[in-house]
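Novice:
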Amino acid sequence: MDQGKAHASNLPGGEDEQAASGLPDEGLPAELLEKKERLLQLLRSFGSCAVAFSGGLDSAVLAKAAYAALGERSVAVTGVSASLAAAELEDCRRLAARIGIRHVILATDELNNPFYQRNLADRCYFCKTELFTKMGDWAEKLGVAVVVDGSNRDDRGDHRPGMTAAREHGVRSPLSECDLSKDEIRLLAKHWGLPIWDKPASPCLSSRIAYGEQVTPERLAMVERAERFLRRQGFQPLRVRYHKGDLARIEVPVEQLPRLLKPNLREALLQELTEAGFKFVTLDLLGFRSGSLNQLVPAESLQIIEKR
563 MDQGKAHASN LPGGEDEQAA SGLPDEGLPA ELLEKKERLL QLLRSFGSCA VAFSGGLDSA
623 VLAKAAYAAL GERSVAVTGV SASLAAAELE DCRRLAARIG IRHVILATDE LNNPFYQRNL
683 ADRCYFCKTE LFTKMGDWAE KLGVAVVVDG SNRDDRGDHR PGMTAAREHG VRSPLSECDL
743 SKDEIRLLAK HWGLPIWDKP ASPCLSSRIA YGEQVTPERL AMVERAERFL RRQGFQPLRV
803 RYHKGDLARI EVPVEQLPRL LKPNLREALL QELTEAGFKF VTLDLLGFRS GSLNQLVPAE
863 SLQIIEKR
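Counted the way my numbering counts, the sequence shown spans residues 563 to 870.
(1) Am I right that Arg793 and Asp846 are in contact with their C-beta atoms under 8 angstroms? What's the rounded C-beta distance?
(2) Could you please give me the residues that DSSP links to Arg801 through a beta bridge?
(3) Could you check the C-alpha separation between Ala669 and Asn675 for me, to the nearest Å?
(4) DSSP beta-bridge partners for Gly641?
(5) Counting only runs of 4+ residues fully inside the region 764 to 803, write out the alpha helix (DSSP H) ranges in chain order.
(6) Does the beta-carbon distance from Ala614 to Val710 come in below 9 angstroms?
(7) Give me the Cα-Cα distance between Glu775 and Gln833, rounded to the nearest whole angstrom.
(8) Kindly indicate the opening and closing residues of the alpha helix (DSSP H) around Cys654.
(9) What does DSSP give as the partner residue(s) for Ala612 in the beta ladder?
(10) For Pro733, does the three-state DSSP call read helix, strand or coil?
(11) Could you check whether Glu672 and Glu692 sit closer than 9 angstroms to each other, using their CB atoms as the reference points?
(12) Just reading off the beta strand (DSSP E) that Leu835 is part of, what are its end residues?
(13) Drop a sphere of 10 angstroms on the beta-carbon of Leu848, count the other beta-carbons inside from all chains shown, and report buried for 16 or more, exposed for fewer.
In structure tokens form, the structure reads like this:
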């Protein structure tokens with residue numbers, strides 16, 4: 563794993579933003595152009611930064627902006643454990659290389675935390691606490707001034723235990739601080755030529771485990787194998803949810819449900835998921851919904867993390 567060798571104070575300065583992006587500013591709305599400039603100025607003011615880099619839309623745009631503002635004094639950091647699908651890690655590597663930013667992989671150990679394993683509504687708090695602790699220690703050793711994450715304006719009103727962990731660890735959220743919405747971030751990604759500009763949200767594998775069911779490496783591997791099989795059959799977006807009793811609940815777009823019931827594919831699907839360890843295989847007739855497991859959580863449980 564690349565643990566980083568160069569001290570931030572010895573790294574060269576940032577690049578001109580337009581040269582780094584390779585694209586002119588024409589076509590951006592005036593308000594977004596102003597926010598983009600604020601973002602670059604804020605990042606430059608840090609002197610150096612480490613971006614919590616999941617390879618999703620928000621962290622990719624932040625990494626692109628950080629590299630444009632700070633050049634080699636910026637670094638993208640991806641936390642790796644069994645909760646990150648192997649395909650997602652490869653996507654992170656390719657995307658960081660495309661941006662040009664240095665990419666560091668840090669092993670995280672949230673799966674050995676009993677509070678994370680129990681998988682209540684505040685699970686993400688313990689994951690982000692582990693990540694930001696590791697990133698903070700790494701950044702301090704390397705002399706990197708600030709750790710940043712990709713939270714944006716639209717995240718402020720959501721149930722986001724990870725944002726509580728970020729505040730507790732002094733992590734900055736430049737996209738949110740510059741009042742950038744998800745739609746604006748998507749437009750910036752498209753403007754900067756990032757291939758993930760239209761990528762749907764892809765949360766970690768642990769998010770597929772029903773709340774209250776223990777998160778284990780074995781269950782994560784079951785979900786990863788099942789989703790990999792379906793993805794290879796051309797289903798996207800999709801989720802395979804793990805429920806009590808080794809039950810798989812498959813979510814794909816409603817219009818794709820009939821194809822899953824074709825005899826050959828149905829039989830291959832049953833064989834694959836049974837071999838993966840599932841005892842029951844079900845299709846969700848409501849189709850794909852991001853965050854559908856949140857429907858199982860009582861509203862009062864979503865406030866637990868805010869009362870810490």
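Where a beta carbon is used, it is the ideal one built from N, C-alpha and C, also for glycine.
In this text the structure is predicted, and so the values were computed from the model without any measurement.
Specialist: Reading it off the structure:
(1) Arg793 to Asp846, Cβ: 17 angstroms. No contact.
(2) Glu813
(3) 14 angstroms
(4) Leu668
(5) 779 to 794
(6) yes
(7) 24 angstroms
(8) 648 to 661
(9) Val637, Val709
(10) The question names Pro, but residue 733 is Val in the sequence shown. Coil.
(11) yes
(12) Here Leu835 belongs to no beta strand (DSSP E); instead the alpha helix (DSSP H) covers 825 to 838.
(13) exposed
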